[in-house]
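Data block below; observations after.
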Amino acid sequence: MKGDELYRKGNYSEALNKLKESLKLWSNSEREKYIKNLEKSLSKNKETAKKLRDEGEKLQNQNKLKEAITKYKESLKYWQDSALEEHIRKIEEKIASEEFNKAEANELWKEGTDLFNQRQPSKALDKFIESIKYWTNNERTNYVKELDSRKAQAQKLRDQGAILQNQKKYSEAISKYRESLKYWPDPALEEHIAKIEFLIKGTTITNTTSVIETSQEDFNYVKGFEGKWNTNWGILEFTIDGTKVYGNYTHDKGRIEATLSSDKKTMQGMWLEAPSYSPPRDGGRITFTLSPDGNPIKGKWEYGNSLSGGDWTGTRIKEKKDEVIKTPTENTRDIINLTGAWIAKCKGGDN
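Structure, rendered in structure tokens:
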């Protein structure tokens with residue numbers, strides 16, 4: 001292949017060698033001058049190409065891969081290099097792989113965020129951990145570490161509470177459980193706390209010969225929202241003032257401000273929680289509907305203005321009318337088990 005043809009194809013080094021060889025066969029001053037100028041020009045091009053390649057390498061070391069590729073490709077305009085072309089191809093494959101992984105990570109992170117906003121932190125953490133296996137940054141990694149640490153601390157306090165509960169030190173157990181909730185929200189634990197409190201209040205052993213006992217028939221049932229409710233966000237208590245509804249619930253010292261519908265079966269308003277008691281982070285819209293029989297309530301909540309965050313449901317805690325003092329039989333017992341189930345007086349046998 002002739003030197004001119006090699007030059008046109010960008011094989012500058014080989015082209016120059018061919019042209020120099022041709023001078024051995026035949027030469028004149030004009031050809032010698034042409035090759036000399038060409039050699040000078042190619043030397044300058046090679047120097048420029050190397051400079052651009054070095055800049056690309058520096059960008060690559062900073063993980064600025066797209067900027068590095070731009071420099072490498074610009075370098076190739078001045079000096080062809082098949083090894084550099086292969087290097088560029090490998091970087092482009094790496095970028096494509098990283099973009100795929102980042103997209104997967106972002107999707108999982110979004111799913112985790114949605115679960116967290118629905119107050120399902122354990123499921124959210126699982127999604128976050130899966131996400132950072134694909135791609136992460138310092139902020140996400142540190143966030144997952146913090147959540148994992150909070151969950152572990154909450155579990156430690158919960159275990160301490162279970163031990164105290166097993167020792168029938170119910171007040172101390174509740175304190176540990178509540179401290180646990182500060183680290184890790186858990187509607188099931190909030191419900192468990194409510195059951196222990198209800199049991200303590202409803203079945204208190206006063207001495208070895210008497211017991212305060214309340215039967216199902218002794219509860220006062222009132223239709224309407226007013227009263228206490230056992231909900232998936234803790235104990236919720238409503239008070240009614242005309243068409244205005246005011247509520248307080250145990251999770252994050254929350255409160256509700258709402259307005260009743262004309263038939264007094266639905267309400268719409270806002271939920272607000274510590275620390276700021278303001279949306280969008282610590283507040284949002286809420287709606288509740290009372291069932292026809294006046295017992296369960298069903299609601300929706302969300303951060304901000306929509307109602308897609310999650311369900312808020314509850315059942316009425318029926319207040320006692322009177323306390324009836326009875327003498328216990330030999331087999332009267334008061335049990336709370338460690339699984340969270342409760343039995344409020346078993347009489348007559350060990351069923």
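If you read the sequence shown in this note's numbering, its first letter stands for residue 1, the second for the next number, and so on.
Even for Gly, the Cβ is constructed at its ideal location relative to N, Cα and C.
In this text the structure is predicted, and so the values were computed from the model without any measurement.
Taking the alpha helix (DSSP H) that residue i belongs to, which residues open and close that run?
i	result
residue 152	138–166
residue 186	Element bounds for residue 186: n/a, residue is neither H nor E.
residue 89	82–117
residue 71	65–78
residue 169	Residue 169 -> no alpha helix (DSSP H), and no H or E assigned at all.
In terms of residue numbering, what span does the beta strand (DSSP E) encompassing residue i cover?
i	result
residue 237	234–241
residue 247	244–249
residue 354	Here the chain has residues from 1 to 351 only, and residue 354 is not among them.
So, is residue i buried or exposed, given that buried needs 16 or more other C-beta atoms within 10 angstroms?
i	result
residue 315	exposed
residue 209	Reliability fails at residue 209, whose pLDDT of 29 lies under 50, so the model's placement of it is uncertain and the value that follows must be treated cautiously. Answer is exposed; the Cβ neighbour count stays below 16.
residue 103	exposed
residue 149	exposed
residue 131	buried
residue 121	buried
residue 311	exposed
residue 238	buried
residue 302	buried
residue 185	buried
residue 258	buried
residue 43	exposed
residue 173	buried
Go through its chain and collect everything with a Cβ distance to residue i's Cβ below 6 Å, but skip five positions before and after it.
i	result
residue 273	252, 254, 282
residue 289	266, 298
residue 82	none
residue 147	125
residue 48	78
residue 179	157
residue 154	180, 183, 184
residue 278	none
residue 108	127, 130, 131
residue 360	In this structure the chain extends from 1 to 351, so residue 360 is not present and cannot be described.
Return the chain-ordered list of same chain residues with a C-beta closer than 8 Å to the C-beta of residue i, the five sequence neighbours on each side being excluded.
i	result
residue 176	157, 158, 160, 161, 164
residue 291	297, 298
residue 85	76
residue 151	121, 122, 125, 183, 184
residue 141	132
Short of 7 Å in beta carbon distance, which residues of its chain neighbour residue i, apart from the five on each side in sequence? Order them along the chain.
i	result
residue 230	191, 194, 314, 315, 317
residue 92	69
residue 88	69, 72, 73
residue 112	124, 127, 128, 131
residue 59	67, 68, 71
residue 295	315, 316
residue 264	224
residue 115	123, 124, 127
residue 271	254, 256, 283, 284, 286, 301
residue 56	68, 71, 72, 75
Using 8 Å for Cβ pairs, my map puts residue i next to residue j. What's the rounded Cβ distance?
i	j	result
residue 245	residue 224	About 10 Å; that fails the 8 Å criterion.
residue 135	residue 96	The pair is not a contact, with the Cβ atoms about 13 Å apart (cut-off 8 Å).
residue 250	residue 234	3 Å
residue 94	residue 65	7 Å
residue 247	residue 256	3 Å
Kindly provide the ranges of any alpha helix (DSSP H) runs that are 4 or more residues long and lie completely inside the segment 253–324, ordered along the chain. Qualifying alpha helix (DSSP H) stretches: none in this window.
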